[in-house]
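Each residue of the sequence shown is one higher than the one before, starting from 17 at the first, in the numbering used here.
From the three backbone atoms N, C-alpha and C, an ideal C-beta is built for every residue, glycine too.
Quick notes on the structure that follows.
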Amino acid sequence: MTDRPRIAVIGSGIGGLTLAAALSASGTRCAVFEQAGSLTETGAGVQLAPNAARPLGRLGLQPVLRERGVAVEEIRVYGWTGEMITGTTHGAACEKLYGAPYYAMHRADLQGALLRLVGPGPLRLGHRLKAVSRDGDEVTLAFENGATHRADLVVGADGIHSVVRETLVRDAPVFSGLGVFRGLVPVDRLPSAAREPLIRLWLGPRRHFVCYPVSGGRLMSFAAIAPLAHAGAESWSAAGDPAELVAAFEGWRGLVSDITRAVDGVRRWALYDRPELRTWFSDRLTVLGDAAHPMLPFMAQGANQAVEDAVELAALLAGARRDDIPGLLARYEEARAPRTAAVQKGSRGHTEAMHLPDGPRQRERDHAMSRAAGLTGLRERAWLYGHEAGATAPR
Ligand SMILES: Cc1cc2nc3c(=O)[nH]c(=O)nc-3n(C[C@H](O)[C@H](O)[C@H](O)COP(=O)(O)OP(=O)(O)OC[C@H]3O[C@@H](n4cnc5c(N)ncnc54)[C@H](O)[C@@H]3O)c2cc1C
């Protein structure tokens with residue numbers, strides 16, 4: 017029996033696959049258990065800021081990011097009636113300041129590239145985790161297909177409904193009162209301005225709308241946030257009604273109206289928030305990504321924080337022995353908990369400001385945003401984009 021820990025990762029989403037790729041890059045093996053029987057093209061767009069694009073590039077994803085991602089030139093904010101409030105320069109300045117562009121990507125492109133990097137070896141598809149039990153220094157995993165597996169370390173990268181998280185805390189998700197419509201539209205169904213490499217955001221009373229091109233610019237991804245009367249399924253694959261999307265954004269100007277009317281199919285789900293996790297680990301088990309810190313999507317950092325977690329944890333685990341695990345998990349929590357809590361709080365805090373009714377407070381907000389136009393806003397993001405995950409871990 018070797019002294020190296022047997023590592024089991026639950027979930028082959030963005031966080032779980034990044035962890036598997038980063039572990040493999042440092043010569044550490046793991047097994048990845050995924051509930052889905054096959055990994056199909058799911059999701060719409062994700063935004064990859066430099067804090068995630070840099071480490072993903074180092075892992076070997078640079079060519080895919082350049083080919084399938086869209087390097088964003090500017091993040092533009094408009095009022096719902098169409099007037100521009102502000103624009104934050106990204107483009108070459110972002111690369112110069114933070115070492116990588118800000119990419120807009122189809123989630124399936126990113127997941128596919130990570131899968132190729134990891135290879136089929138570590139993947140165990142069709143394994144839905146049901147229960148976790150401690151047995152001395154080992155953890156036993158029981159899956160719904162009847163299989164069991166023993167590990168020295170279990171990492172829950174099992175997303176918003178994490179089974180692994182439940183072994184650490186019993187907390188209930190809090191319905192935000194909001195729902196999100198999400199989907200993709202071919203850009204050739206939209207006015208030519210849709211092809212520009214921009215993230216566009218429209219703010220209005222109790223709702224907002226975001227869109228950006230993905231898949232090398234062929235598709236426009238959108239997310240439309242609006243009040244939702246009843247808490248429904250918190251599922252990325254729940255179907256929505258395009259007519260409800262049109263009705264929710266009736267009267268909104270410009271591309272919002274073009275996109276909502278060009279949509280064939282849309283997903284819709286309720287947005288939930290959760291309190292910050294106080295304890296990230298027990299001595300043989302931890303969590304990362306949405307399992308650790310599900311967040312409202314208003315800073316577009318969900319996937320980015322999952323990548324940071326994975327890179328940090330992999331750096332700590334490089335060359336680790338079984339007995340090192342509890343101490344390393346404490347260091348992982350120390351490195352990640354304060355940062356992800358700040359991003360979770362920031363995302364929550366943005367909700368009210370983004371959805372103000374027309375009036376004096378909205379005009380004050382717009383004025384403040386306009387003062388951070390151009391490079392000022394980009395420089396203000398140094399705490400977010402400049403963070404180097406794994407930098408303090410032993411290499
Ligand atoms: C199908 C899908 C579509 C998405 N679409 C978008 C999108 O369009 N835009 C966006 O910004 N974000 C999207 N997200 C969320 C986004 O990917 C995550 O918020 C972010 O990347 C954090 O990643 P994660 O690895 O923590 O979780 P996820 O990427 O959610 O991955 C979790 C993985 O764990 C697996 N899993 C869950 N429970 C179990 C279990 N009990 N046993 C085994 N495996 C399990 C899931 O099947 C999934 O593959 C989507 C997530 C999913 C799962």
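One or two residues paired with residue i in a DSSP bridge
i      : result
Val230 : Leu235
Val201 : Met236
Ser208 : Paired residues: none, contrary to the question.
Trp218 : Tyr94 and Phe225
Ala158 : Ala147 and Thr164
Gly289 : A small correction: the amino acid at residue 289 is Asp; Gly does not occupy that position in the sequence shown. Paired residues: Val190.
Thr105 : Glu90
Phe49  : Ile26 and Arg140
Gly255 : Position check: residue 255 holds Ala in this sequence, whereas Gly was assumed. Per DSSP, Arg283.
Pro412 : This structure cannot settle anything about residue 412, because the visible part of the chain is limited to 17 through 411.
Gln63  : Ala120
Gly390 : Thr104
Other residues of its chain near residue i: CB distance less than 7 Å, five sequence neighbours each side excluded
i      : result
Lys361 : none
Leu33  : Gln127, Leu130, Leu131 and Val134
Glu404 : none
Ser178 : Gly172, Val303 and Ala307
Cys227 : Arg216, Met236, Ser237, Phe238, Leu271 and Ile275
Gly98  : Arg269 and Gly270
Cβ-based neighbour list, residue i, same chain, cut-off 6 Å, excluding 5 preceding and 5 following
i      : result
Ala264 : Ala242
Arg411 : Note on Arg411: pLDDT 47, under 50, position unreliable in the model; no value is reported.
Arg20  : none
Leu200 : Ala60, Leu235 and Ser237
Gly256 : Phe197, Val282, Arg283 and Arg284
Ala322 : Ile30, Gly31 and Gly305
Leu39  : Cys46 and Ala330
Same chain, Cβ closer than 8 Å to residue i, neighbours up to 5 away in sequence not counted
i      : result
Asn161 : Gly142, His143 and Arg144
Ser254 : At residue 254 the sequence reads Ala, which differs from the Ser that was named. Once the five neighbours on either side are set aside, the close Cβ partners of Ala254 are Gly248, Arg283, Arg284 and Trp285.
Ser192 : Ala286, Leu287, Tyr288, Asp289, Leu312 and Thr367
Glu182 : none
Ala353 : Glu292, Leu293 and Trp296
Q) Which ranges does the beta strand (DSSP E) cover as unbroken runs of at least 3 residues, wholly within the region 75 to 103, from first to last along the chain? A) 90 to 95
Q) Counting Cβ pairs closer than 8 Å, one from the region 209 to 217 and one from the region 89 to 105, do we hit at least three? A) yes
(Q) Does the structure place the region 169 to 176 close enough to the region 301 to 311 that three or more beta carbon pairs sit under 8 Å? (A) Short answer: they touch.
(Q) With three or more C-beta pairs closer than 8 Å as the rule, is the region 271 to 283 touching the region 187 to 202? (A) yes
Q: Could you pull out every unbroken alpha helix (DSSP H) segment of at least 4 residues lying fully inside the region 291 to 350, listed in chain order?
A: Fully enclosed alpha helix (DSSP H) runs of 4 or longer: 318 to 333.
Q | Three or more C-beta pairs below 8 Å linking the region 283 to 303 and the region 148 to 157 | A | yes
Q: Could you name each continuous beta strand (DSSP E) segment of 3 residues or more that falls completely within the region 115 to 144, going from the start of the chain to the end?
A: 119 to 122
Q: Determine contact between the region 105 to 113 and the region 216 to 228, defined as no fewer than three beta-carbon pairs at a distance below 8 Å.
A: no
Q) Can you find at least 3 beta carbon pairs, one from the region 311 to 326 and one from the region 25 to 39, that sit closer than 8 Å? A) yes
Q. Would you call the region 384 to 393 and the region 97 to 109 touching, i.e. three or more CB-CB distances under 8 Å?
A. yes
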